[in-house]
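For the sequence shown, the residue numbers in full-length UniProt numbering are 1 to 93.
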Amino acid sequence: MPRSCGCTDGHLLVLPRDHVANFTTDPVVSATVQLRAAELAGQIGGQWNYPTSCGPDATQTVFHLHGHLVPRAAGGGLALPWTHPTREQEPTR
1 MPRSCGCTDG HLLVLPRDHV ANFTTDPVVS ATVQLRAAEL AGQIGGQWNY
51 PTSCGPDATQ TVFHLHGHLV PRAAGGGLAL PWTHPTREQE PTR
């Protein structure tokens, strides 16, 4: 699904329809999500990062399995690891 206010233009979230807390909860669902992310990245082309987090100490803030497809290009300006903006840093909508 397209994500507004993503870390880069073209940032996509890939997530299952059923609730799964994180990638360790259901390995079959996790594998299906990763397979779909790989298919999407292959169809779109280019270079990608595909991060996901498992647990609050690993920066998981949404407790529903999801992977980020983040398109990358030379000079794209996104330094990794990226940090989630604080409320004060988020753009006004």
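In this text, a Cβ means the ideal position worked out from N, Cα and C, and glycines have one as well.
Helix, strand or coil for residue i per DSSP?
i, result
"P51", "coil"
"R14", "A quick correction: the sequence has Val, not Arg, at residue 14. V14 falls in the strand class under three-state DSSP."
"D9", "coil"
"T32", "helix"
"D57", "helix"
"L40", "helix"
So residue i and residue j are supposed to be a Cβ contact under 8 angstroms. How far apart are they, rounded?
i, j, result
"P16", "L65", "6 angstroms"
"A37", "G67", "5 angstroms"
"G46", "P71", "5 angstroms"
Per DSSP, residue i is paired with what?
i, result
"P71", "W48"
Just how far apart, CA to CA, sit residue i and residue j?
i, j, result
"V20", "G75", "35 angstroms"
"V62", "V28", "20 angstroms"
"I44", "D57", "32 angstroms"
"S53", "T8", "18 angstroms"
"N49", "T59", "16 angstroms"
"G10", "T24", "27 angstroms"
"residue 94", "D18", "For residue 94 there is no data in the structure shown, the boundaries of the chain being 1 and 93."
Is the CB-CB distance between residue i and residue j below 8 angstroms?
i, j, result
"L12", "L40", "yes"
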